[in-house]
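Notes for the one structure printed next.
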Amino acid sequence: MFILSNYTNDDILDLLPRLRNLGASSFGEDADMFGDTLAEVVEDAPQGRDLPFKLQTIAELKALLTCTDEEIRRVSKVLLGINPDAEAEEPPNWGSFPSLRAFWSAVLHAFEHDPEVQERGDA
18 MFILSNYTND DILDLLPRLR NLGASSFGED ADMFGDTLAE VVEDAPQGRD LPFKLQTIAE
78 LKALLTCTDE EIRRVSKVLL GINPDAEAEE PPNWGSFPSL RAFWSAVLHA FEHDPEVQER
138 GDA
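Numbering follows my numbering, in which position 27 of the sequence shown is assigned residue number 44; successive positions increment by one, without gaps.
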């Protein structure tokens, strides 16, 4: 479990390098380029990543999900270029998640259920 009040924003970026990478690509300001809906972006996030990246991402997500909602909100603000729990005006029908915890849980599910991870049995 992290005690995030002891960390700066830069520390958080260093602590979660795989999630930082997702925030700079799939979940960045141009997330709509990665899927027609936010749910599709989440489901497609593992694609094009190698197995070590996927396994490290799973470990980071599991650690993040032990945090309080307040800490998850802070981390999300630092890591993401989008707000996955806000209704976006554009593109239409983009969708949203009921909470940031639900969003990160969906990302974890997508990585844990990636065929390469499932084949390996490490999730």
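Beta carbons are placed, not taken as given, at the ideal position from N, Cα and C, and that holds for glycine.
Look at the Cβ atom of residue 101, then the Cβ atom of residue 33, and state whether they are nearer than 9 Å.
no
Option in 84, 42, 94 with minimal Cα separation from residue 26:
94
Use the C-beta contact count for residue 85: other C-beta atoms within 10 angstroms, 16 or more gives buried, fewer gives exposed.
exposed
Rounded distance between the beta-carbons of residue 63 and residue 127, thought under 8 Å
6 Å
For residue 74, does the three-state DSSP call read helix, strand or coil?
helix
In the structure shown, what three-state DSSP assignment does residue 29 receive?
helix
Kindly indicate the opening and closing residues of the alpha helix (DSSP H) around residue 34.
34-41
By Cβ distance, which residues of its chain are closer than 8 Å to residue 29, with the 5 residues on each side in sequence left out?
21, 91, 92, 95, 96
For residue 81 and residue 98, what's the separation of their Cα atoms in angstroms?
18 Å
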